[in-house]
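In our numbering, the protein residues as written are 3 to 408.
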Ligand SMILES: [Zn+2]
């Protein structure tokens, strides 16, 4: 953990590395916290809480079961004092993916400008959006808001949008009714109004060991796994060749993918155990549970033959993660706000998931829009261009023009 900068140091340290960026110090500060998903994010959350408190804004924290991680939700009230009804949520996750084993050329936990790019873990996914929003807090307050503006910072997005579920539940429980949410995942500062959902499973096959010269006496878990994986591959081909399609997506159909497989111990043993992980990244209208039921039905066909040889054989499935898709369309008020702040009238749809689906599912219409590109996320030497960060600042300025009284 790098030592966090004091708020005074941040104010003073609009340093020479990126003088054209209003939010540079805040970007540097947030990137300096190692908030890899397996670590606590409390140091970052405490820093933001103190920063907001210095501007007279209280934060509400919701913790995970271990109290090592927290979401932060804070409201800048409207100038008439309204805090509960209406307004916009600026949403970002605080966690980042690991840097282990990646060949970084700079310190990943120090935002470093080289030429027209800024390098660091989380500079694109997605601390820069949150930092830029927070940098504008004094501006929003000085000019006065017509409606409240909320900040939502979550934990454990990268491991399945875990933390934001509690944050959204807390918003609903407290009767807050934001008009919309802007989730700042990297979209190249394009307006995104829909993304795919994702659901993943582990399939575990328990076969029966035998000497490999006596294969009919055993149940080969690896071979059964491969038959099921082949079935998944046939589903993937069918989606590719027959749809349904939505051409607004970069990959315009539901995809099916097996990512990990483990099985067997030696060639001369009929393998007893094999497991593999697979996922559907589905168009919002495709139902992943129906697709799963198809796979399960196919797998069940092997059971009678397996049980004839050994009674304790089985094929079992565990759900690993589930993130819904969403398609809010382009007619919502927040989509209109997004178009205004971007100054362009186009929107698109993406294949990666985000917390937008969870806000949208709680009747808070959402868009996704943030600096940088998903292709640079999770990579060694993750980068974002200064131009993208400047566009994000321009977005916040237009947001302030729209939301503020003066
Ligand atoms: Zn992200």
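Backbone N, C-alpha and C fix where the C-beta goes; we use that ideal spot for every residue, glycine too. Here the structure is a predicted model, which is why all the values come from computation and not from measurement.
Residue 191 Cβ short of 6 angstroms to ligand 1 heavy atom set: Not so, every heavy atom of ligand 1 lies at least 6 angstroms from the Cβ.
I want to check one thing, is the minimum distance from the CB of residue 127 to the heavy atoms of ligand 1 below 6 angstroms? For ligand 1, at least one heavy atom lies less than 6 angstroms from the Cβ of residue 127.
I'd like to know whether the C-beta atoms of residue 186 and residue 372 end up nearer to each other than 7 angstroms. Yes, they are a contact pair.
Output the distance between the C-alpha atoms of residue 195 and residue 61, rounded to the nearest integer angstrom. Whole-angstrom Cα-Cα distance: 28 angstroms.
Sorted by chain position, which residues of the same chain lie with C-beta nearer than 6 angstroms to residue 149's C-beta, five sequence neighbours on each side aside? Within the same chain, Cβ atoms closer than 6 angstroms to the Cβ of residue 149 are found at 80, 88, 89, the five residues on either side in sequence being excluded.
When we look at the beta-carbon of residue 305 and count the other beta-carbons within 10 Å, is it buried (16 or more) or exposed? So residue 305 ends up on the exposed side.
Under 7 angstroms between the Cβ atoms of residue 370 and residue 356? In this structure, residue 370 sits near residue 356, with a CB-CB distance shorter than 7 angstroms.
Taking only runs that begin and end inside the segment 291-376, name each unbroken alpha helix (DSSP H) of 4 or more residues, in chain order. Fully enclosed alpha helix (DSSP H) runs of 4 or longer: 305-311, 335-344, 358-363.
Over what stretch of residues does the beta strand (DSSP E) that includes residue 385 continue unbroken? Counting along the chain, the beta strand (DSSP E) containing residue 385 begins and ends at 385-387.
For the pair the segment 216-228 and the segment 236-252, tell me if three or more CB-CB distances fall below 8 angstroms. No, they do not touch.
4 or more residues per run - each alpha helix (DSSP H) lying fully within the segment 122-180: The segment 122-180 contains these whole alpha helix (DSSP H) runs: 129-137, 139-145, 165-175.
Would you say residue 292 touches ligand 1, meaning its beta carbon is less than 6 angstroms from a heavy atom? Judged by the Cβ position, residue 292 fails to qualify as a neighbour of ligand 1 at the 6 angstroms threshold, every heavy atom of the ligand being at least this far.
Whole angstroms is fine: what's the gap from residue 9's alpha carbon to residue 276's? Confidence at residue 9 is low in this model, with a pLDDT of 49, below 50, so the placement of that residue is unreliable and no value is reported for it.
Cut-off 6 angstroms between Cβ atoms - residues of its own chain near residue 23, not counting five sequence neighbours on either side: Once the five neighbours on either side are set aside, the close Cβ partners of residue 23 are 391.
Sufficient close CB pairs (3 or more, under 8 angstroms) joining the segment 151-163 to the segment 94-108: The segment 151-163 makes contact with the segment 94-108, as at least three CB pairs between them are under 8 angstroms.
Can you list, in chain order, the stretches of the beta strand (DSSP E) that have 3 or more residues and sit fully within the segment 42-84? For secondary structure counted as the beta strand (DSSP E) over 3 or more consecutive residues, the segment 42-84 holds these complete runs in sequence order: 61-65, 72-78.
Does ligand 1 have a heavy atom nearer than 6 angstroms to the CB of residue 389? No, the Cβ of residue 389 stays beyond 6 angstroms of every heavy atom of ligand 1.
My output table needs one value for residue 396: the three-state DSSP class, helix, strand or coil. Three-state DSSP puts residue 396 in a helix.
Can you say whether residue 255 is buried or exposed, counting buried as having 16 or more other CB atoms within 10 angstroms of its CB? It is buried - the Cβ of residue 255 has at least 16 other Cβ atoms within 10 Å.
Quick one: residues in its chain with C-beta nearer than 8 angstroms to the C-beta of residue 177, no 5 flanking neighbours on either side, listed in chain order? Non-local beta-carbon contacts of residue 177 in its own chain, meaning distances under 8 angstroms to residues more than five positions away in sequence, involve 86 in chain order.
So, do the segment 111-120 and the segment 201-211 have three or more beta carbon pairs nearer to each other than 8 angstroms? Result no; under three Cβ-Cβ pairs closer than 8 angstroms.
Assuming residue 214 and residue 125 form a contact by the criterion Cβ under 8 angstroms, report the distance between their Cβ atoms to the nearest whole angstrom. About 52 angstroms; that fails the 8 angstroms criterion.
DSSP state of residue 215, grouped into three classes? Looking at residue 215 - three-state DSSP - the assignment turns out to be helix.
Contact check, residue 205 vs residue 278, beta carbons under 7 angstroms: Yes, these two residues count as a Cβ contact at 7 angstroms.
In chain order, what residues of the same chain lie with their CB nearer than 6 angstroms to the CB of residue 343, ignoring the 5 residues before and after it? Cβ neighbours of residue 343 beyond the five flanking positions: 397, 400, 401.
Taking its Cβ as the centre, do 16 or more other Cβ atoms sit within 10 Å of residue 39, making it buried, or is it exposed? Under this definition residue 39 is a buried residue.
From the beta carbon of residue 311, is the nearest beta carbon of chain B less than 7 angstroms away? This model lacks chain B altogether; it includes just one protein chain.
What separation, rounded to the nearest whole angstrom, lies between the Cα atoms of residue 234 and residue 91? Spanning the two alpha carbons is a distance of roughly 39 angstroms.
Length of the line joining the Cα atoms of residue 15 and residue 134: Per-residue confidence for residue 15 stands at a pLDDT of 49, beneath the threshold of 50, marking its modelled position as unreliable; no derived number is given.
Just to check, is the beta-carbon of residue 60 closer than 6 angstroms to a non-hydrogen atom of ligand 1? Proximity of the beta carbon of residue 60 to ligand 1 is not indicated: no heavy atom of the ligand is located closer than 6 angstroms.
Would the segment 128-142 and the segment 61-75 be scored as touching if the rule is three or more Cβ pairs under 8 angstroms? No, they do not touch.
Backbone CA spacing between residue 184 and residue 244 [nearest angstrom]: Residue 184 and residue 244: Cα-Cα distance of roughly 34 angstroms.
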